[in-house]
Amino acid sequence: MNEWLYIAAIWIVAIGGFVVRSLSISGALATVLVGTAVAAGFAWKGLCLLGVFFVTSSFWSHFCHRKKERVAEKVAKGSQRDYIQVFANGSIPATISLLSLFFPSFVWQGLFIVSIAAANADTWASEIGSLSRQSPRLVTTWEKTEPGTSGAVTWLGLAASCLGAGLIAVVGSLLWDGVPVVAVSIAGFLGCMIDTYLGAVWQAMYRCEVCGIETEKTEHCQQKTVHIKGIRLLNNDLVNWLAIACSLIVYLFVTNLQ
């Protein structure tokens with residue numbers, strides 16, 4: 233009986249996400265797959281934590297969206313997530329969920345929470361940080377740059393990242409006993425910082441030859457953009473995935489120190 237309730241809840245969230253334009257059709261279907269895997273491994277608790285990430289991230293993505301129009305020109309994709317974006321953030325939590333099903337261990341629980349914390353920290357940092365009145369600064373040189381530039385941070389974005397990771401850590405501790413809130417928060421926040429560093433150093437960036445803007449997009453102003461730096465294959469989605477994976481390593485390191 234519970235299984236059918238889980239499936240119904242997953243489909244309701246996916247369809248709702250499509251209706252409010254937080255998800256594309258492919259993104260909604262990918263959400264169903266990720267949600268099903270999470271439900272199989274962590275039941276309603278896993279779905280609750282995933283739901284907190286989805287609802288809060290969707291809210292901040294749509295919050296003051298008109299003020300983010302300039303940023304939207306620089307990033308590869310908008311607030312409506314497709315299947316690649318869903319899998320970039322959700323494939324690791326889904327994989328951990330399935331591994332916990334076949335190889336039961338307490339460690340999977342912590343890794344699952346951290347993977348969500350890192351994704352939430354990064355999303356909050358991007359969506360809230362883009363509203364900052366201060367110019368963002370590159371993490372590599374601390375030079376001022378334009379809003380929406382990969383690898384740049386604002387104090388507002390950093391604070392949002394801490395809160396995003398902390399929220400997931402606290403909710404996780406309410407759902408499960410023995411969750412190391414501090415370790416999860418640190419790992420989630422550092423995962424976001426790793427994402428930022430990768431974005432500054434290795435993520436592919438392009439320039440539009442029509443308007444001159446630097447962007448993550450391979451097409452702009454209805455023209456193909458020119459690759460100017462970074463590794464071509466390392467787009468924002470892959471950076472997100474790598475950062476979440478690194479956050480797991482950070483978590484294991486931090487917990488082993490305790």
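Residues are numbered in our numbering as their position in the sequence shown, beginning at 1, plus a constant of 232.
Each residue gets a CB set at the ideal place from its N, CA and C atoms; glycine is no exception.
Keep in mind it's a predicted model, so treat the numbers as computed, not measured.
Here Leu370 carries a strand assignment [DSSP, helix/strand/coil]. For Lys277, the enclosing alpha helix (DSSP H) covers residues Ile257 to His294. The distance from the Cβ of Val266 to that of Gly342 is about 19 Å, inconsistent with a contact at the 8 Å cut-off.
The Cβ-Cβ distance between Val486 and Gly423 does not fall below 8 Å. Per DSSP, reduced to three states, the secondary structure at Thr447 is strand. Scanning the region 343-430 from its first residue to its last, no whole beta strand (DSSP E) run of 3-plus residues comes out. Contact between the region 368-378 and the region 324-338 is absent: fewer than three C-beta pairs spanning the two stretches fall below 8 Å. Secondary-structure assignment with DSSP links Arg313 through a beta bridge to Leu255.
If you draw a straight line from the Cα of Leu388 to the Cα of Thr457, it is about 31 Å long. In this structure, Ala320 places its C-beta atom within 8 Å of the C-beta atom of Asn472. The three-state secondary structure of Gln341, taken from DSSP, is helix. Just so you know, the alpha carbons of Ser258 and Gln317 end up roughly 10 Å apart. Taking a cut-off of 8 Å for Cβ pairs, the region 393-400 and the region 434-453 do not touch, as fewer than three such pairs fall below it. Across the structure, Ala272 and Asn468 are spaced so that their CA atoms are roughly 29 Å apart.
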